[in-house]
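J.: Input: one structure, supplied below.
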Amino acid sequence: MQLKEIPVTGIPYDQIKIEKVPAAPEYCERPAELIPSANRAVVINPNRTCMPLGAMWAVLGVRKAIPFVQGAQGCTTYVRYTFCRIFKEPAVIATASFHEDAAVFGGRRNLVEGIRNLVVRYWPELIGVVTTCSSEIIGDDMVSFIKMARANLRKEIGPEKADRIPIVLVNTPSFAGSHVEGYDRASRAFVETLATTRGEPNGKVNIIPGLFYPGDIREIKHLLRHMGVEAIVLFDISDTLDAPLEPPMSVPYYPPGGTAVGEIRDMANSLATFALQPHAGQAGARYLERKYGVRAVVGPPPVGVQGTDAFLKALREITGKPIPESLLQERGRLVDSLADTLHHTMMKKVAVMGDPDIVLGVTRFVLEMGMEPVALAGGTASKTFVHDVEAILAEAGYEGEPPLIINGGDLFEFEEYLKKQPRLDLIIGNSRAVDISRELQVPLVRVGFPIYDRFGYQKRPIVGYRGGEMLLAEIVNSMLDYQYPDDRTQQL
Amino acid sequence: MQIPIDVIPERAGHLEVVEIPACDRRTLPGVVSQRACLLYGARWMLAAIRDAVHLIHGPVGCAYYSGTVRKKNYRVFSTALGEKEIVFGAGQKLEDAIREAVSLRPRSSAVLVYTTCAVGLIGEDVEAICKRASASLGLPVVPVNCPGFGGVSQGKGHDVAAAALLEHFIGRAPAGPPLENSVNILGEFDVQGDLKEIEQLLQRLGLNIICAVSGRATVENMARAHRAGLNIVHCGRTGRWLAQKMEERFGIPWRKVSFFGLAETAAALQAIAAFFNRPREAAWVEKEAETARQRALSYLRRLAGRRVALFFGASRMDSMARAFGELGMEVVLCGSQFGCREDYTESRRCLGRGTLMIDDAHQRELEEFLHRYRPDLLVGGTRERFMAHKMGIPFLVFPQETSPYAGFNGFVNLAREVAALVGAPVWRLGNSGFSRKEGEEMVVKHVRYMERGINENERSSL
Chain A
1 MQLKEIPVTG
11 IPYDQIKIEK
21 VPAAPEYCER
31 PAELIPSANR
41 AVVINPNRTC
51 MPLGAMWAVL
61 GVRKAIPFVQ
71 GAQGCTTYVR
81 YTFCRIFKEP
91 AVIATASFHE
101 DAAVFGGRRN
111 LVEGIRNLVV
121 RYWPELIGVV
131 TTCSSEIIGD
141 DMVSFIKMAR
151 ANLRKEIGPE
161 KADRIPIVLV
171 NTPSFAGSHV
181 EGYDRASRAF
191 VETLATTRGE
201 PNGKVNIIPG
211 LFYPGDIREI
221 KHLLRHMGVE
231 AIVLFDISDT
241 LDAPLEPPMS
251 VPYYPPGGTA
261 VGEIRDMANS
271 LATFALQPHA
281 GQAGARYLER
291 KYGVRAVVGP
301 PPVGVQGTDA
311 FLKALREITG
321 KPIPESLLQE
331 RGRLVDSLAD
341 TLHHTMMKKV
351 AVMGDPDIVL
361 GVTRFVLEMG
371 MEPVALAGGT
381 ASKTFVHDVE
391 AILAEAGYEG
401 EPPLIINGGD
411 LFEFEEYLKK
421 QPRLDLIIGN
431 SRAVDISREL
441 QVPLVRVGFP
451 IYDRFGYQKR
461 PIVGYRGGEM
471 LLAEIVNSML
481 DYQYPDDRTQ
491 QL
Chain B
1 MQIPIDVIPE
11 RAGHLEVVEI
21 PACDRRTLPG
31 VVSQRACLLY
41 GARWMLAAIR
51 DAVHLIHGPV
61 GCAYYSGTVR
71 KKNYRVFSTA
81 LGEKEIVFGA
91 GQKLEDAIRE
101 AVSLRPRSSA
111 VLVYTTCAVG
121 LIGEDVEAIC
131 KRASASLGLP
141 VVPVNCPGFG
151 GVSQGKGHDV
161 AAAALLEHFI
171 GRAPAGPPLE
181 NSVNILGEFD
191 VQGDLKEIEQ
201 LLQRLGLNII
211 CAVSGRATVE
221 NMARAHRAGL
231 NIVHCGRTGR
241 WLAQKMEERF
251 GIPWRKVSFF
261 GLAETAAALQ
271 AIAAFFNRPR
281 EAAWVEKEAE
291 TARQRALSYL
301 RRLAGRRVAL
311 FFGASRMDSM
321 ARAFGELGME
331 VVLCGSQFGC
341 REDYTESRRC
351 LGRGTLMIDD
361 AHQRELEEFL
371 HRYRPDLLVG
381 GTRERFMAHK
391 MGIPFLVFPQ
401 ETSPYAGFNG
411 FVNLAREVAA
421 LVGAPVWRLG
431 NSGFSRKEGE
441 EMVVKHVRYM
451 ERGINENERS
461 SL
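Chains as they are written, first to last, in the UniProt record's numbering: chain A, 1 to 492; chain B, 1 to 462.
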């Protein structure tokens, strides 16, 4: 299928592909030693972004909270743009507006003045201060700056009002990790700053979902509801980043929902903390375990049959509640769908890319479908990723060619490897893989962060049994669309 | 006249109903500004250079975000600095990265090295490294000094990029006589095919575009840019300075024109034809404009008397204000993230007194504005879009997302899309619905800045 002209807008295809060197006919051979990113200094089209994004994502999941980014304006603008494109929602994020003077004299004035302006303009219920490369490099003493900001605020609006706005500091020097780690650090910073034990167990469980979309969090709540388990979801973006349109709205606008500050304080009294994405959220769960003895259950992501099974089993074990018939039926429906579609999925070659937790969850699921992974690319380097993938392959009794496991590489490496493969049926990954999918003429199923070129994926779960059914349908239908572009010839 | 919305005192001069607003100043921290950074501005200008390697020297995030400019995806190279380089220096990594990038993309004709906040702060001598790399590789390796914190907004980034273009690319080929009937377009970014529209019009005048900075620029055609007969400046903020310098250096005259709106497009084409002394070739212009007006007529009927608010990048304010005027809409706000005095003066001249002008409006000001004025349309960037939607106000993304708005066809597109936005049934659905108890009480509850009441705020939350 060659697309020469985009029919609607009249833009020639070569202008959309901008400067990608085409695979054919004039594809030039690259020096083989420079293809693995580990051998290179240069990174080409990274598959991860910076720490502050993860922290901002987290703060936006708290009720009436505004992230305050201690850095230059771009650090905020780019992220707001990214969030808007993904969630189709406003993302209110304040910037400290670093200019040259801040780079020279430090960001104290920006923070103190900025917090004050943020409060008198927006009256948030919580401020999450997120640091950036620049504030970390110039060595801003954020703890004392925040104290100053608080003192200044007390003077201006009175101690009572000032002290009702908690300020949580998340240190996220971008050069030290990716957005996944930014979220992870935020999970720890929030419980460290806010959670306190009052000695009364609340009988709830904590859920730190990780970089899952609103649809996923709704699905997790659905599972919890059917289990009859009460939960505190830390960074609950299910409503804040998927809000209804029902004007008139008040000014300043705050979306409904989000985790209330009181709930975060209460997290130390819970039965256990589930960090559903091991790389994004584990730190918070571990902290609660160490400090307050709240048991930490880390992963696996509840994607696919076994992933969801593991989540529900752990819930049953901790709360003592049985898994209800309704969920067993949902499970049965997913397994039934697997049976109905196995002739389309068995032994199909698949490549998965994205954040490590998404790749881990999805890989386990595609193995349940009988697919054969060719390449598994986690954008963020992790100590455990390779081991985890190998464990999943071993557990599934996978007997095919061992896949290439990319731990923190870039998209160039992923693409060059796939080009050399004799066969590939499907790519599962985020919107950054679109170019690769077009070039290799292989369908792409969009999963994970970011998806900005299609509508509705942020509302559609991939977790739980029902999410599994949706993902399965998406996978099968995408392959059908490619294999049988003429629908008249195809009957399932 | 009084400013009709609630404003924090420090911002007072930036909102004006009669005069020119204060501009080009530092942003207040913490107010949720819509501005971006120097790197953003530089990428906006330089991204479209197709035969150069674009190397973002900084942490991986800056490269990740730099991959998308004007909704197009670009391949970017990055040094992806880690903690080690931040502490011990990133010079060696940059040198390696330049060499590797060129060997992986062997047909490149230049390397552009963008510096970021992190690099600006650790104080690497990027210039010297680029010079060395340039000598050993035998092709230009150009440093673009754009650490995000420099300047007050992305506007400065445009300047930095323009300076880099002038110094390293424009007019590098040997001098020669002007190429016949050739023009450059400066400050045209080819959003969704705008450039194609403009090019078709110029071709009908018998003209050729040598290069469009920076919608369709290559190292090769920029080198020949000094042989054009005329520079056409489309976006003043990004093109004017370059045009002036090219006039000084190469003696190329320039004209500031706009291709948005029928009258502006027609005037632009007439002026260009007159310059090249080809009035006969421009005979079709008026007729074409009239045809386009006829094509847009059914849309214009639906738009007459509607009110529109504009808030976007600087230089298109006045030309877009005129274009919306031609749609029959009343412009009630004209604001920009990084406009300079000249931009506001031009817009004020075009709009007259009484239109609210806001420089560097922040989220809260725009929300206030939407509440008080309830315009029929807000025009701006993606970041403001969903805020407007939540308030039940239609929103047009500009720079546009779907079809070209430049030229005669572009005007019809604009009319059609605006009519579609304003007339969409969703806005009726959003505003009626089921009556709710709180909904009835809560018409508009403002938290005034001066009241500073957190209790008020709690009451007003949904």
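Note that the Cβ used here is the ideal one computed from N, Cα and C, for glycine as well.
Can you name the residues of chain A whose CB is closer than 8 Å to the CB of P143/B?
T.: Going along chain A, no residue has its Cβ under 8 Å from P143/B, so there is no contact; the nearest lies around 16 Å.
J.: List the residues of chain A that H389/B touches, going by C-beta distances under 7 Å, in chain order.
T.: L245
J.: Looking at chain B, is there any beta carbon in it that lies within less than 7 Å of the beta carbon of E263/A?
T.: Not one chain B Cβ lies under 7 Å of E263/A.
J.: Starting from F175/A, find everything on chain B with Cβ-Cβ shorter than 7 Å and list it in chain order.
T.: Correct list: P59, L81, G82, E83, I86, A118.
J.: Are the beta-carbon atoms of G128/A and V59/A separated by less than 7 Å?
T.: By the CB criterion at 7 Å, G128/A and V59/A fall inside the cutoff.
J.: Applying the 10 Å Cβ sphere with the 16-neighbour rule, what's the burial state of T116/B?
T.: buried
J.: Identify, in the order they occur along the chain, each residue of the same chain with its Cβ nearer than 7 Å to the Cβ of A217/B, setting aside the five sequence neighbours on each side.
T.: A48, I49, C211
J.: Starting from F408/B, follow the alpha helix (DSSP H) in both directions and report where the run begins and ends.
T.: 407-423
J.: Let me make sure I understand the geometry here. Which of A65/A, R48/A, R116/A has the alpha-carbon closest to that of A91/A?
T.: Sorting A65/A, R48/A, R116/A by C-alpha distance to the C-alpha of A91/A places A65/A at the top.
J.: Assuming residue 465/B contacts A63/B under a Cβ cut-off of 8 Å, what Cβ separation, rounded to an integer in Å, is found between them?
T.: Outside the displayed range of chain B (1 to 462) lies residue 465/B, so it cannot be described from this structure.
J.: How many angstroms separate the CA atom of G257/A from the CA atom of V130/A?
T.: 22 Å
J.: For the stretch 343-374 of chain B, which residues have a CB atom closer than 7 Å to at least one CB atom of chain A, in sequence order?
T.: Q363, R364, E367, E368, H371
J.: Please report whether the beta-carbon of C130/B lies at a distance below 7 Å from any beta-carbon of chain A.
T.: Not closer than 7 Å to any Cβ of chain A, the Cβ of C130/B fails to qualify, so no.
J.: How would you label F105/A, buried or exposed, when you count the other beta carbons within 10 angstroms and need 16 or more for buried?
T.: exposed
J.: Can you have a look at P373/A and say buried or exposed, based on whether 16 or more other CB atoms are within 10 angstroms of its CB?
T.: buried
J.: Taking the straight line between their C-alpha atoms, what separation do you get for L165/B and A42/B?
T.: 11 Å
J.: For V297/A, which residues from the same chain have a beta carbon less than 8 Å from its beta carbon, with the 5 sequence-adjacent residues on both sides left out?
T.: So the qualifying residues of the chain are A272, T273, F274, A275, A285, A314, I318.
J.: Can a CB atom of chain A be found closer than 7 Å to the CB of A97/B?
T.: It does; some Cβ of chain A falls within 7 Å.
J.: Give the single residue among L153/A, V303/A, V180/A whose Cα lies nearest to the Cα of K161/A.
T.: L153/A
J.: Suppose you measure from the CA of L327/A to the CA of P209/A; what does that come to, to the nearest Å?
T.: 20 Å
J.: Could you tell me the alpha carbon to alpha carbon distance between G439/B and Y253/A, rounded to whole angstroms?
T.: Caution applies to G439/B, whose pLDDT of 44 falls short of 50 and renders its modelled position unreliable; the model cannot decide the point.
J.: Show which residues of chain A have a CB atom less than 8 Å away from the CB atom of I122/B.
T.: I137
J.: Identify each residue in the stretch 15-45 of chain B for which the Cβ-Cβ distance to at least one residue of chain A is less than 8 Å, and report them in chain order.
T.: R26, T27, L28, P29, G30, V31, V32, S33, Q34, R35, A36, C37, L38, L39, Y40
J.: May I have the straight-line CA-CA distance separating K204/A from S33/B, to the nearest angstrom?
T.: 39 Å
J.: In the DSSP assignment, the alpha helix (DSSP H) including A268/B goes from what residue to what residue?
T.: 262-275
J.: Can you determine whether any heavy atom of the ligand SAH sits closer than 6 Å to the C-beta of V142/B, and answer yes or no?
T.: The ligand SAH is not part of the structure shown, which contains no ligands of any sort.
J.: Strictly by DSSP, which residues pair up with Y114/B?
T.: I56/B, V144/B
J.: How many angstroms separate the CA atom of V397/B from the CA atom of A309/B?
T.: 12 Å
J.: When you compare the CB of residue 532/B with every CB in chain A, is at least one pair closer than 7 Å?
T.: Outside the displayed span of chain B (1 to 462) sits residue 532/B, for which this structure offers no information.
J.: Look up Q15/A in the DSSP assignment and say whether it is helix, strand or coil.
T.: Low per-residue confidence applies at Q15/A: pLDDT is 45, beneath 50, and the placement is therefore not dependable enough to give any value.
J.: By Cβ distance, which residues of its chain are closer than 6 Å to P22/A, with the 5 residues on each side in sequence left out?
T.: Confidence is the limiting factor: at P22/A the pLDDT is only 42, short of 50, which leaves the residue's position unreliable and the question unanswerable from this model.
J.: For the beta strand (DSSP E) that C334/B lies in, which residues bound it at each end?
T.: 330-336
J.: Determine the burial state of N206/A: buried for a count of at least 16 other Cβ atoms within 10 Å of its Cβ, exposed for fewer.
T.: buried
J.: Is D410/A near P31/A, with beta carbons less than 7 Å apart?
T.: no
J.: Cα separation between P404/B and E136/A?
T.: 43 Å
J.: So, under 8 Å CB-CB, V53/B and V17/B are touching, yes? Tell me the CB distance rounded to an integer number of Å.
T.: Contact flag wrong, Cβ pair sits at about 48 Å.
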